[in-house]
Amino acid sequence: MTDLNIIIGGPQGGGIESAGQIAVKSLVLKGYNILGSREYHSNIMGAHSYYHLRAKEDKPGSLTLPVDALLALDAETVLTHYREVRPGGIVVYDPAVKATRVDSIQPMAPPLKERVKKDLESRGLPTTAEGALKAMESEGVKLVGLPLKAMLRKVSEEAKAPIASVSKTVNTLGLSAMLYMLGVEPGYIEKAISLQFAGKEKVIRMNVAAARIAVEYVREVYGEPEVLPDGPHKGKVRMVASGNDLVAMGKIVAGVGFLSYYPITPSSDEALYLERHKYVKLDDGMAEKVGYDRLSVVAVQMEDELASINAAIGAALAGARSSTTTSGPGYSLMNEGISLAVEAEVPIVVTLWMRAGPSTGMPTRTGQQDLLHSIFSGHGDAPKIVIASGDHVEAFYDAIKAFNWAEIFQSPVIHLLDKYLASAMASLDREELDLSKVVIDRGKLVDNPGEGYLRYKITEDGISPRARIGDAVMYMTGLEHTEDGKATEDPVAREQMMFKRERKMRKVLEVLPEEDKAVLYGDPDADVTLVSFGSTKGVILDAMKMLEGKGVKANFLQIRLLSPFPEDLVADILSSAKKVITVELNLMGQLAFLLRAHTGVKPDSQVIKVNGRPIYDYEVVEGVLKALDGAGRVVVSGGS
Amino acid sequence: MTDLNIIIGGPQGGGIESAGQIAVKSLVLKGYNILGSREYHSNIMGAHSYYHLRAKEDKPGSLTLPVDALLALDAETVLTHYREVRPGGIVVYDPAVKATRVDSIQPMAPPLKERVKKDLESRGLPTTAEGALKAMESEGVKLVGLPLKAMLRKVSEEAKAPIASVSKTVNTLGLSAMLYMLGVEPGYIEKAISLQFAGKEKVIRMNVAAARIAVEYVREVYGEPEVLPDGPHKGKVRMVASGNDLVAMGKIVAGVGFLSYYPITPSSDEALYLERHKYVKLDDGMAEKVGYDRLSVVAVQMEDELASINAAIGAALAGARSSTTTSGPGYSLMNEGISLAVEAEVPIVVTLWMRAGPSTGMPTRTGQQDLLHSIFSGHGDAPKIVIASGDHVEAFYDAIKAFNWAEIFQSPVIHLLDKYLASAMASLDREELDLSKVVIDRGKLVDNPGEGYLRYKITEDGISPRARIGDAVMYMTGLEHTEDGKATEDPVAREQMMFKRERKMRKVLEVLPEEDKAVLYGDPDADVTLVSFGSTKGVILDAMKMLEGKGVKANFLQIRLLSPFPEDLVADILSSAKKVITVELNLMGQLAFLLRAHTGVKPDSQVIKVNGRPIYDYEVVEGVLKALDGAGRVVVSGGS
Amino acid sequence: MARSWLEYKAPAWVQWCPGCGDFGILNAIYRAVAELDIPPERLVVVGGIGCSGRTTFYVKGSNAHALHGRAIPMATGIKLARPELTVIVAGGDGDLLGIGGGHFVALGRRNVDITVILFDNAVYGLTKGQAAPTLPAWIKTKALTSPNIHDNVNPVLLAFSAGYTFVARGYAYHTSQLKELIKTAVRHKGASFIDVLQPCPTYNNVMTNKWYEERIYYVGEDYDPIIRTREDFKEKLPAIMEKLLEFGDRIPLGILYWDQTKDSFEERLEKIMPGYMQAPPGTRRISVDGRPIVDPFEVFKDRVIVT
Amino acid sequence: MARSWLEYKAPAWVQWCPGCGDFGILNAIYRAVAELDIPPERLVVVGGIGCSGRTTFYVKGSNAHALHGRAIPMATGIKLARPELTVIVAGGDGDLLGIGGGHFVALGRRNVDITVILFDNAVYGLTKGQAAPTLPAWIKTKALTSPNIHDNVNPVLLAFSAGYTFVARGYAYHTSQLKELIKTAVRHKGASFIDVLQPCPTYNNVMTNKWYEERIYYVGEDYDPIIRTREDFKEKLPAIMEKLLEFGDRIPLGILYWDQTKDSFEERLEKIMPGYMQAPPGTRRISVDGRPIVDPFEVFKDRVIVT
Ligand SMILES: Cc1ncc(C[n+]2csc(CCOP(=O)(O)OP(=O)(O)O)c2C)c(N)n1
Ligand SMILES: Cc1ncc(C[n+]2csc(CCOP(=O)(O)OP(=O)(O)O)c2C)c(N)n1
Ligand code: SF4
Ligand code: SF4
Ligand SMILES: [Mg+2]
Ligand SMILES: [Mg+2]
């Protein structure tokens, strides 16, 4: 069984992202499933960034530490990650960085500098990259030095291009050397390079040259490595996409007509991906069926998030499947619009990519801190639908379901995801994005409302027939209103409308299938039940297996629907749980809070992580073991 | 024991507010305690508005229905309130409105029209004001007709002013007639008029003339009424003020230096009252002590609530006691700023006057729907202090305490109140606003920070010495930061700051006295414990007495501090409760939710009200009785 | 003129104070849309929050009453989803220039085909008379506790600076002239703006009907605000700027600036996505027999890898 | 010139990309505040969110890094609480004219004595190159998937329209000229605005140093932007408008408009509350021996009733 873990680090703007993607593609081509994610600073150039990836035969649900190989494209990487490579692993680095002192590295965070210096000093090592390399070596890590400058000169010669213009291949040099050392045949690397730079022939040529030079060099110095066996996923049409990509894809598949957004990490890449595909040519057959041959999505960058949500509301009123995408700070600004969408019963989908807060916080780091904020967003009693996706596949389907639910229940739907899922890339099979599972349901949308149309007609399920603005005389308002949408302050009419809206949320719980509410993975009779939501899913599933190896039988309750909360279902499942441990990436234990509020179950322990890094499988294991040892709250803190 | 209940109704802009205030003042002058509140539409002129008041020897904690007297200045009032006068009560009206048909009253809410017509028809009465009067008469209400037109003509003669210019005294005519019929001597009414229009001699003269004419008329037609005995509160220096007024007063007493606001009901009147007193002359002794003789508060109307909160944050950074005031929609817009204030540890006070939502909702109606929204406002884990005032006196002190806490804990403090308290007037004794109870505590504010100052120094209690911007080189940011306020994404430094902020909230619970956290009123051994927060306090205290009359022994747990939640204290108190019933003015049972989340106690029943009107004493009684009968949720719906 | 203005009168009590300038604006809107013969269900009045915003309840249309300050973005969403509709924004000075100031500017940059009617009473009517952004400094209207110390913003200049392609000023009590302005604005393809001076007899006791009547005048026949070419712009600009800046003893009414050279946002969308107008997002089909019309493996080829 | 600009260099890694125009602006700020001899602890740089906003971490001062778009209101609160401080806002075009557009306009109306420096790179730098409000239409910078279909806003015209009393334009790489502009802006008592053209070599591959160098020029000695009287205004306005509007083949730099006739907001506050400046909210005492200094029954007489 292959389980390959890699970190590729270097300065922001130094090609870390593309090196990571080439690695991902090489390994996918080689037949593996991959999971890879980028950690980076809120900065354009120079700060430390790294790509963290894992390749397995089955689906990796989690990144992990330590890794098998570290590619360090600068001194900072060596000094940041030297404690994260397993004994027997390799580090690929440029010997030229050895002399670099910790203190001389400008971008390096001062607290990290202090920690590293202390550690190296305590080991009696110099506080330089060399010290860190020695520390690794002493722990059985193999040092693979690459004279990058000399190699670049070679690339320049081969590619017949000046050094300056080939200097960008430095990441390819390092990467190819590392992959080759790990047993990936050069052919895969070269194919991955071609895929990565598709359409840019010159760039491909230069990078392929670099790859060859690197491979040659390491072969010469370290000999032919053992070949990594091929993975089982060869000869297939697959997809490699990030969470951001998959949500954009889901929206387009769902028929989104309008996307408003204001740039913000980590949501912008969703908008960007959607914009790349905002104009789709339909094949003739389909064109005939739908009556147009070019599907155009109006994607508008608005002046702020207030505008984004209100424009999305406007487009939804006019009949478009309408959405906006943002993260915490933007969502805070959308609160008022959310409350309007509740009161006025407007079907919009708000994709909320959580990142580390409060406030501007750490814009490019992950977290699950917006759970309660999103549920209780918007003043007044403003119930809404909140769904959290556990992984890439769910992200895709949920993006579609969110539109269905928005229209069926005439309610804002908040689709909760996080920075980790946003940037994490996963390999997917065709069957995983199975359109035959996808239904487009627009609920009570009526094309011909007719005379005397009442937008807010009181009905048993609380849902009124919905006409598009432009198809009937009607009135829509955020003021309390009578059935015809006219403002009223009548106490009785008011109460009626409050209860109408409440009924809709009851209906949500009635109508949604269990798998969209809460799902129990593993043996119902396990000794311990882990409860979580969102992107921890894969991590917890992986950790469950590891726990089993340690003799702990755990199962996992994934809460999918956070609002309205499926209290009966969850209470029912938890009623037979022997021990309940929540796992979440926030400080206050927001899910634990919600659980107790809705079911009365107070988790026996909480495992939390708040340092802005994704949680790793071994941390869940560690957390659970400590919890079983009696810890009330376990804080895990891995990652750089 | 006097218990006088009155409703004065008429069109908005028709002097209802001033009639109400004259009534209040007359009864205060007469030695009573009063509570009076105005119900009105979000409209400038013409819609139905009414003043609802109660006078007692002891403090009325609640308004109630039915009333003893109804003054109906138009047909709509008759038709809106005819079911709200007790048998034996009186209705003062103008016979000229009798013929007015329900259908012809434009401003009247269509659903109300339907209900009234149905009711009158079912009684076999005409669907006119006359029908409603007959209905009242048949139930033993005494009809007191006033020929207002003729009386106005008389006022015009007496005041030697044209009809048009005296027409505004129509409310005084009706009011004086009613008060006189209820036994209030004309002298009090006239004195109240002089107080109400202090400084406007002509207006006073005209209204006094009107009062005399009215009294004369009713004396002639109905004879001399029995005189209402004087109340016990005579010969005192008292205050009659609304919740809005008292919060503004509290802020000024607390030393507020900066108030930013954007107009919104029901907060605007707080800002308006503060603006009236923003420039205060100090006496010479005090001037010498503080070094200035004119205290000036910078009160700025900003361009929106985003600006309000950020300007307030700026002023707080610069060392001012700084505040902003708003209601739901504005608060939604402040979410991002709140999150910043949490992350950057800025002491600001946000006064949140709740009104009926969601969205624009019913701007001038009351509710307690923003409890969870305020607690979870702002993305990220953004813990803050939330305190709710139960009555006028608490509102005053809490406004002061909020500033102390904001500065002691370097945190935003949300002061929760509602529209009902905002506009309700209460009489207060000097001892109730006792300055000897007031301390000004600025926490760790340092005047001379010195070299090497660290704004976010890690301390045991999580609280760092705070210097004003302008007194030291420093850095303040909403990004995660190191002790010196520089942005960092270091995982360890990040975690440290998260825990630092968490410790502060723990400290709040440690430091605050119990009376500011949760207070149990009544016999700890009662059969049923009512739990509530905010302005229901007086109502519940009144209802407890009524329940006792019905053989139900209830006590009342008022939750004052909603965040951080005093879970141990509340759990402890509730642990001996026999039956728990929450009372709150929102749909989802927000306090009940919070209670269960924090203490595990699921209330046996919930009494809720969502129609935008304040809850009345008899409704609490009714709710509790039904709850004791086994109802899980009781919705009460009184009021017009 | 197929329709009577009465067809646009919604069955609702009009809640404004007696003598309020809003009545004049409402009448002008009734008459303009009637003369333009817009079917009520194709007419979208998007209102802000304020006395002015209530217009949405009084004009029979397919209307939306937005949040305070957010009428413009909501209208933008509606218009871009259904470009065939007539979209009019009705908002107050607090609404459009205070809390909504950022959107006001952004609409100019977008030039979406929306007509913005500013109910300019220089006060916050519905919240009881506070100073609005158009209230000149040092005026103390009755609800203020001290004189206004903010300068007033000049709405027509701001609109011009922001990029509106049609900028006009009207007077609330001059219903027929205002009606003509509205008609022209609605016909203009792009972001059009009408600053309507609107007395608020209840709260603005300074800028009264009398105050305005002493100052307003209509720009004459000789005044040419129309830009047909870039050269026009250079040439006519000084006169236009003079009018845009004039606000004091004399206040010009009429069309002040009209740039006919620019594409609307919808036209620009059509340029980058030909076909958009024919199958706009609001009304196009998004499924066939309840199934999606695009397959991810066909459309998102950039993410497909054949192993 | 008591201080060296080095005294203002905060000990922090400056995170901008190599060649970024922001370095030039930062240097100009260092030198301006040094020459103005402002003690670092009295200097308040309020930054927005963006590459530009990071300036707060690089200038030694008593600084605040605000929310995206909210630097102006935060600066307003700081300045009004402590009018004796020097307050400079540093923000991007997205920050100040996009999400912060409403506040940008409002500051003009208030004329608070704040200097706003716009880092105008026509893109959203920190979020990876999206179009900013100052990017002209139909340009397709590298991060865009299709050409920009928004018109660009003209920052100096907008500032003028909003009421800023000092409006200038500088160029990021012209450090010494920019330094002089900043000094004059800081000295000006009122809302001052400097639009600094700032190449973003990483994302704006159209409006490059070369692009700017081909277009920019300094207004000459003969150009007189100073308004000393209301008559001045009338007389000089045509020339001023021409400069404010000029942005294309030629882009004027220098002081474009300078109105010296208006009181700052602080001065207006002092007019309605004499004594405000002497005992401003930020620093005045609010208690004596831990007790309040006002008694409600003395101050709020309007609510007192003697029964
Ligand atoms: C976010 C928010 N803040 C404040 C309000 C309260 N509010 C309602 S109307 C209004 C201003 C009205 O003034 P304007 O826009 O000039 O309209 P007018 O009433 O004068 O027509 C305000 C501040 C609100 N509804 N929402
Ligand atoms: C409410 C909110 N929305 C979005 C963002 C994300 N964001 C950070 S910087 C930025 C724009 C930066 O552009 P600009 O203001 O032009 O500054 P520059 O980086 O170009 O200097 C955005 C949108 C945010 N921080 N907060
Ligand atoms: S307050 Fe003013 S603007 Fe509002 S309805 Fe009355 S007169 Fe009109
Ligand atoms: S992205 Fe542009 S503006 Fe930001 S630092 Fe880099 S060059 Fe400068
Ligand atoms: Mg107005
Ligand atoms: Mg920028």
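Chains as they are written, first to last, in the working numbering: chain A, 1448 to 2087; chain B, 1448 to 2087; chain C, 24 to 330; chain D, 24 to 330.
Where a beta carbon is used, it is the ideal one built from N, C-alpha and C, also for glycine.
This structure is a prediction, so every number in the text was calculated from the model and none was measured.
- Given a length threshold of 4 residues, each whole run of the alpha helix (DSSP H) inside the region 115-194 of chain D is given here in chain order: 124-133, 178-185.
- Proline 297 of chain D reaches chain B at Arg1741, counting residues in chain order whose Cβ is nearer than 8 Å.
- For a Cβ distance threshold of 7 Å, residue set Gly92, Gly121, Ile122 of chain D lies close to aspartate 1751 of chain A, ordered along the chain.
- When beta bridges are read from the DSSP output, phenylalanine 2003 of chain B appears opposite B:Tyr1968, B:Leu1977.
- DSSP places asparagine 2033 of chain B outside any alpha helix (DSSP H), giving it a letter other than H or E.
- Distance from the CA atom of valine 1893 of chain A to the CA atom of alanine 1767 of chain A, rounded to whole angstroms, is 13 Å.
- Per DSSP, reduced to three states, the secondary structure at tryptophan 1852 of chain B is helical.
- The nearest non-hydrogen atom of ligand 6 is 7 Å or more from the C-beta of valine 139 of chain D.
- Not a single C-beta of chain D is nearer than 8 Å to the C-beta of tyrosine 1903 of chain B.
- At a beta-carbon threshold of 9 Å, the residues of chain A lying near leucine 108 of chain C are Ala1765, Ile1916, Gly1917, ordered along the chain.
- For alanine 113 of chain C, the number of other beta carbons within 10 angstroms of its own is at least 16, and it is reported as buried.
- Within the same chain, Cβ atoms closer than 8 Å to the Cβ of alanine 160 of chain C are found at Pro170, Asn171, Ile172, His173, Asp174, Asn175, the five residues on either side in sequence being excluded.
- Counting every other CB atom within 10 Å of its CB across the protein chains shown gives serine 1551 of chain A a total below 16, marking it as exposed.
- Measuring C-alpha to C-alpha distances from serine 1824 of chain B to each of B:Ala1791, B:Leu1787, B:Thr1906 identifies B:Leu1787 as the nearest.
- At least 8 Å separates the beta-carbon of glutamine 1468 of chain B from that of alanine 1494 of chain B.
- Chain-ordered, the chain D residues with CB closer than 7 Å to the CB of leucine 180 of chain C read Ser184.
- Closer than 7 Å to some heavy atom of ligand 2: that describes the Cβ of asparagine 144 of chain D.
- Contact annotation, asparagine 2002 of chain B with threonine 1983 of chain B: C-beta distance approximately 14 Å; criterion of less than 8 Å not satisfied.
- At least one heavy atom of ligand 4 lies less than 7 Å from the C-beta of glycine 148 of chain D.
- Distances taken from the Cβ of tryptophan 39 of chain D to the heavy atoms of ligand 4 include one shorter than 7 Å.
- For the pair asparagine 2058 of chain B and glutamine 1815 of chain B, the CB atoms are not nearer than the 8 Å cut-off.
- Here the distance from the Cβ of aspartate 325 of chain D to the nearest heavy atom of ligand 5 is not below 7 Å.
- Just so you know, the alpha carbons of serine 1715 of chain B and alanine 1873 of chain B end up roughly 19 Å apart.
- Asparagine 1757 of chain B carries a helical assignment under DSSP once its states are collapsed to helix, strand and coil.
- Along the region 1553-1566 of chain B, going in chain order, the ones with a CB nearer than 9 Å to a CB of chain C are Gln1553, Pro1554, Met1555.
- Residue burial annotation: proline 178 of chain C is buried, with at least 16 other C-beta atoms found within 10 angstroms of its C-beta.
- In this structure, the straight-line span from the alpha carbon of methionine 2035 of chain A to that of isoleucine 1760 of chain A is close to 32 Å.
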